[in-house]
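So the structure is just underneath, and the comments pick up after that.
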Ligand code: 5AD
Ligand code: FES
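In my numbering, the protein residues as written are 35 to 382.
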């Protein structure tokens, strides 16, 4: 095996590595020379394609009902203490109205897999938003559906879809999810979404229970092959009412390192500095931008419901003080030396 320096240069030159090389690189991710070289290259690439622009997406968490029981997630159906809510279509539209006035040109409808929101109801909401705001991009993040459902949403006007693959390793997937879920279905959903012409986002948690450098290597190989337009990664953070309550949180440093690696694998990718990153480190999102991220997703959900979209403990942007999350993020982005822009922010 080459030295870690050679592997870093290979990654920069070719934009990919073998599984063994990724593992070797990850084992050395704490070395300052390795980190600095990769961060520098990630920032150079981000600036080459996107300049100083950071895109913003208005996140509307419209339901926390979920029929799934993922072991890591606070709104899993098996959590009887989760206070459930769902927004009506009128409330969703009000969020868009407020968001539009604040300058958002992308809305992300995110929710649990809520049976109330049937395909017909979803398609109705999608149409209403796109009729009212034809100049805006609409992103869905509502989990696993059939090809037919994705097709219906696409025809109704949805442009993008976020569905993290969570882990590309079969065994690891089983440690994070109950029997009824499978990695092959997850992957099929992502391929279906691509085939239907969505801009697709995949991704995973950093430090989820059972994750190893080997599984992360599989994630990176999967991402390179899928070529999604967006990749969402953030640290795992335990939720006290889940089976993973006592597991340790993921590492900020490894998350930042992986943001840089992903920027190098997929130079034009839209890469958010996530809320989870901002939750485990007060400067996490600013650090994410400095590592190669170029998207932030302020919360547009009604303040009265924000605490209820409780995926993990101590989630930020949920209090009264966060009512104007966009203003807060705008200042944060500026402080990191970037410019928050309001346009749709399609992948270049
Ligand atoms: N910690 C961090 N991220 C989480 N997610 C769900 N639960 C947690 C948690 N405990 C992430 C998953 C999911 C996305 C919406 O939020 O990766 O895809
Ligand atoms: Fe959401 Fe500061 S970024 S409140």
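By construction, the Cβ of each residue, glycine as well, lies at the ideal position given by its N, Cα and C atoms.
- In this structure, the C-beta of residue 274 stays at least 7 Å away from each heavy atom of ligand 1.
- Distances from the CA of residue 83 to each of 139, 308, 376, 304 were compared; the closest alpha carbon is that of 304.
- In this structure residue 325 touches residue 73 by the C-beta definition: roughly 6 Å separates them, less than 8 Å.
- Sequence-distant Cβ neighbours of residue 134 in its own chain, meaning closer than 8 Å and more than five residues away, are 167, 170.
- A direct Cα-to-Cα measurement between residue 331 and residue 100 gives close to 22 Å.
- The beta carbons of residue 97 and residue 184 sit no closer together than 8 Å.
- Three or more Cβ pairs closer than 8 Å define a contact, and the stretch 334 to 353 meets that threshold against the stretch 104 to 123.
- For residue 67 and residue 336, the gap between their C-alpha atoms comes out near 44 Å.
- Of all alpha-carbon atoms in 145, 131, 146, the one lying nearest the alpha-carbon of residue 139 is that of 131.
- Residue environment analysis places residue 338 among the exposed positions, since fewer than 16 neighbouring C-beta atoms fall within 10 angstroms of its C-beta.
- For residue 382, the number of other beta carbons within 10 angstroms of its own is below 16, and it is reported as exposed.
- Every residue whose beta carbon comes nearer than 5 Å to a heavy atom of ligand 2 appears here in chain order: 351, 356, 359, 362, 363.
- One alpha carbon belongs to residue 205, the other to residue 213, and they sit about 11 Å apart.
- Runs of the alpha helix (DSSP H) lying entirely within the stretch 293 to 321 and spanning at least 4 residues, in chain order: 309 to 314.
- Taking 7 Å as the cut-off, the C-beta of residue 107 counts as close to a heavy atom of ligand 1.
- Here residue 339 carries a helix assignment [DSSP, helix/strand/coil].
- By a beta-carbon distance limit of 8 Å, residue 234 contacts residue 262. Their separation comes to about 5 Å.
- Bounds of the alpha helix (DSSP H) holding residue 80 are 66 to 84.
- With a threshold of 7 Å, the Cβ atom of residue 346 counts as near ligand 1, since some heavy atom of the ligand is closer than that.
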